[in-house]
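To start, the structure itself, in structure tokens.
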Amino acid sequence: MTYTPEMLELIKVVEATRPQRLHQKFPTALLEEREKLLHGFHPDFLSEGFRKIRIGVGKGEEMPNELADVVEGRPHIGPDFDLGDPEFETDVLVIGGGGAGASAALLGQEGGAKVTLVTKLRFGDANTMMAQGGIQAADRPEDSPSIHYLDIIGGGHFDNVPELVEALVTDAPLVIQWLENLGVMFDKTPDGMMMQEHGGGTSRKRMHSSRDYSGAEIMRTLRDEVRNRPNIEVIEFCPAVELALDDKGQVAGAVLYNLETERYFFARAKAVVLATGGSGRLHYQGFPTTNHYGATADGIVMAYRVGAEPLYLDTMQYHPTGAAYPEQILGQLVTEKVRGLGAQPVNLKGEQFVYPLEPRDVEAAAFIRECKERKLGIPTPTGQPAVWLDSPLIEMIHGPGTIQKALPAMVRQFKRFDIDIAKLPMLVYPTLHYQNGGIRIDADCRTKIPGLFIGGEVSGGVHGRNRLMGNSLLDVCVFGRRAGRTAAAYVTQGVTPGKPTLQHLVAWNKELDEAEIDEAVKSPILLPSYARKE
Amino acid sequence: MTERTDLIPIFIMGKRYDVPSSLTIMKAMEWAGYTLIRGVGCRGGFCGACATVYRIKDDPKLYFGLACQTVVKPEMYMGQIPFFPAKRASYDVTHLKPEAATLFKLYPELLRCLGCGTCTKACPQELNVKGYMAAAMRGDIALVANMSFDCIMCGLCAARCPAEEPQYNIGILSRRLYGRYLAPRSEHLRVRVEEVENGKYTAEIIELKAMDRNALVGRYKARDIEP
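As you go down the protein sequences, you meet chains R and B in turn. Sequential numbering from 1268 applies to the first sequence in our numbering. Sequential numbering from 31 applies to the second sequence in our numbering.
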């Protein structure tokens, strides 16, 4: 496979400018320049990609067309679905088997609740598993939670919910210690110092990592711990399709769907933690995505239908460096750690054109401008636009062998296609990566629905309008833990359950009809449809 | 529709389909019309859900790969192993000692390892599984942790093992023992946790929370950036 002869010719240009670029610092963009770039080139500002939602609690708010389609969907089941004979009963039903769900299950169990975790795919097949670069926490003497706070809020365009940012930065060191005690292997120097690098938009080096398997290391450890705990049951391949409330308006459980037997059934619960993650598999504006197969906005759909409020669902994150070549791995993640270690984005002329570690939205917009407006992108056989990411610089900065040691997953992924990233640059282009907004929560993960708690990517507010690298692994741990803890406290303090109903669906279906939304898809869609039909 | 010239025959669980030669096994299955439920997860080479075994016509050798990362080949005969019922020990990591006896107690079958290397041949991550199993038998937990680190727990090693070892579960036990007990502790982390718990940063953060947008913008612009 490797690169085509034409591409190998173009790489010579990159190699020619490399020695001079090694010490060249491209300046960071001023706030005003950032805004200009975003408004000109970021997909969030392409108005035809969005429309106003026509029904429900957030009526009139903008969302990407593809998200609005599923949010305005028709339920899998009718309001008369029988809730009288639950398949099982539990205290806390955790919906979602990623980092937030696992953290919630652990803290829920520690809080004295009986926990059942249900997940659509296998436990752990989630975006947490795929996060490579690292997790932020201000734990070095040069750093502080307040500096972390400022970095987050500037990266989020000052729209973040302050209480949530406070929770994130103050829990961060505690989460790192919690993970260490569970046995997560962080990269450390022999004397125990955490090895930390910059991420886009950070003013201190606070990216903790586990090689470039940071999310995998955290996820498999949390999963192993969940499986070791008594009082936590895990049920795979059973996504939720609808939340049930009781006649007092409290959460009463969820209707689940066994993907293999194709049967719907009711799970009764005193509290629900929704931790279903994001929505990259909706492929907003046709973008490829880094997300796992199940990222289809299920949690947004279900929470919205029972009246939980959306926040900033008009902003999605495009990771600047998705693989643009070879086409087999199009859109898959090239971790930001590659830039954290010193690799520079470079154009057709072998020049730097953006500071390598701007916040992700700014960096992505600069890549799009370089290709679309300045026409200095790198041509590829499929016509996919791309810029170089000059990885061999890493070994000039940190010494030979660094790439194999710090980025084994990246080396492996490109080696499968005969590309040695220690010697040759990679081709990258923005790819759909993260749902910046979500359902509104408070700092203890409460929503306005009693008994419904939310943590992780499905929630919104903490990242404002743009999340920084390393804050989503942190988010899933911080708010997963808080959601589990709050749910357990809610249950153990004594809930008086009422009679479960699906009455909210009567109102929902009526709204659908009144808005004359005839073409509504059945949602949550659960899986993207990739099977060729013709 | 014009005739495609890039199609090659592959055999999905024995059934022939002609698929574009540039596709991964996973995308080829979808191109053939499959809606995947099992045998698919992250689609990026990290979750281990799509472990696949294949053979090429007239070649007796078995090959192993991830469906999301392996490109189809002509006359490929393939099947997936989306789940394997390997043994997994249950334990409380806070009550374990990081020593050989812990591994032997939780996984007595460890000592039955034949050292045949079938596991290594089966690993889609190209890990030296046999090597880390040997290290486990010697009780060198740090080495097991290090050598098994890139494991995605797909289970192909266990599926192929004649001694019925759950290699990948011994791997994660070792990594957790290493991370919790053997890795050097971070003094700066301990100090910071104590400071947070004592409320050292509470006032600063309350001040930030109360600031209006303009004041925050000013503060943000004035940040010094660590080189």
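Heads up, the beta-carbon is just placed ideally off N, CA and C, and yes, glycines get one too. This structure is a prediction, so every number in the text was calculated from the model and none was measured.
Check                                                                                                                              : Outcome
Contact set for A1483/R: own chain, Cβ-Cβ below 7 Å, skip 5 residues either direction                                              : M1396
Cβ-based neighbour list, R1288/R, same chain, cut-off 7 Å, excluding 5 preceding and 5 following                                   : Q1611 and Q1619
Proximity of A1511/R and V1758/R at Cβ, strictly below 8 Å                                                                         : no
Contact list for the region 1455-1484 of chain R against chain C, Cβ threshold 7 Å                                                 : Here chain C cannot be found, since the structure's protein chains are R and B.
Members of the region 1272-1293 of chain R that neighbour chain B once the beta carbon cut-off is set at 8 Å                       : none
Contact with chain B by S1739/R, beta-carbon distance below 8 Å                                                                    : no
First through last residue of the alpha helix (DSSP H) which encompasses G1751/R                                                   : N1738 to T1759
DSSP beta-bridge partners of P1767/R                                                                                               : D1513/R
Exposure of I1721/R, with buried meaning 16 or more beta-carbon neighbours within 10 Å                                             : buried
Contacts around Q1702/R, its chain only, beta-carbon distance under 7 Å, and the 5 residues preceding and following it disregarded : G1545, S1546, M1583 and E1724
Any chain R beta carbon closer than 8 Å to C77/B                                                                                   : yes
Touching by the beta-carbon criterion (3+ pairs, under 8 Å), the region 1706-1719 of chain R and the region 1744-1760 of chain R   : yes
Contact belief for F1706/R with E1576/R at Cβ below 8 Å, rounded distance in angstroms                                             : For clarity, residue 1706/R is Ile in the given sequence; the question names Phe instead. Right, the Cβ-Cβ distance comes to about 7 Å (below 8 Å), so this counts as a contact.
Identity of the residues DSSP links to A1534/R by a beta bridge                                                                    : F1355/R and A1521/R
Interface positions of the region 210-242 of chain B facing chain R (Cβ-Cβ less than 7 Å), listed along the chain                  : R210, A213, P214, R215, S216, E217, H218, L219, R222, V223, V226, Y231, E234, I235, L238 and K239
Below-8 Å beta-carbon distance, Y1560/R vs any chain B residue                                                                     : yes
Within 8 Å, strictly: CB atoms of A1632/R and F1317/R                                                                              : no
Neighbourhood of A1434/R by C-beta, 8 Å cutoff - its chain only, sequence neighbours within 5 removed                              : A1710, V1729, V1745, F1746 and R1749
Extent of the continuous alpha helix (DSSP H) run through P1286/R                                                                  : P1272 to R1288
Endpoints, the beta strand (DSSP E) within which Y93/B is located                                                                  : Y93 to L96
Distance cut-off 7 Å: D1565/R Cβ against heavy atoms of the ligand ZN                                                              : This structure simply doesn't include the ligand ZN, nor any ligand for that matter.
Which residues DSSP lists as bridging P1612/R, in chain order                                                                      : L1656/R
Collapsed DSSP secondary structure at K1789/R in the structure displayed                                                           : strand
According to DSSP, residues forming a beta bridge with D48/B                                                                       : P39/B
Cross-chain neighbours of T65/B in chain R, by beta carbon under 9 Å                                                               : L1794, S1796, Y1797 and A1798
Beta-carbon separation (whole angstroms), Y121/B vs L133/B, contact threshold 8 Å                                                  : Contact flag wrong, Cβ pair sits at about 11 Å.
Length of the line joining the Cα atoms of R1341/R and E1300/R                                                                     : 43 Å
Whole-Å CB distance - Y162/B paired with G201/B, under 8 Å assumed                                                                 : 7 Å
Beta-carbon proximity check, A1519/R vs T1357/R, cutoff 8 Å                                                                        : no
Length of the line joining the Cα atoms of E1662/R and A1676/R                                                                     : 16 Å
Proximity of G1421/R and Y250/B at Cβ, strictly below 8 Å                                                                          : yes
As assigned by DSSP and simplified to three states, the class of R118/B                                                            : coil
A1367/R to G1598/R span [Cα, whole Å]                                                                                              : 24 Å
Beta-ladder partner(s) of P1587/R, from DSSP                                                                                       : Its beta-bridge partners do not exist; DSSP assigns none.
Local conformation of Q197/B per DSSP, three classes                                                                               : helix
Own chain, CB closer than 6 Å to T1269/R, minus 5 neighbours either side, in chain order                                           : D1685 and I1686
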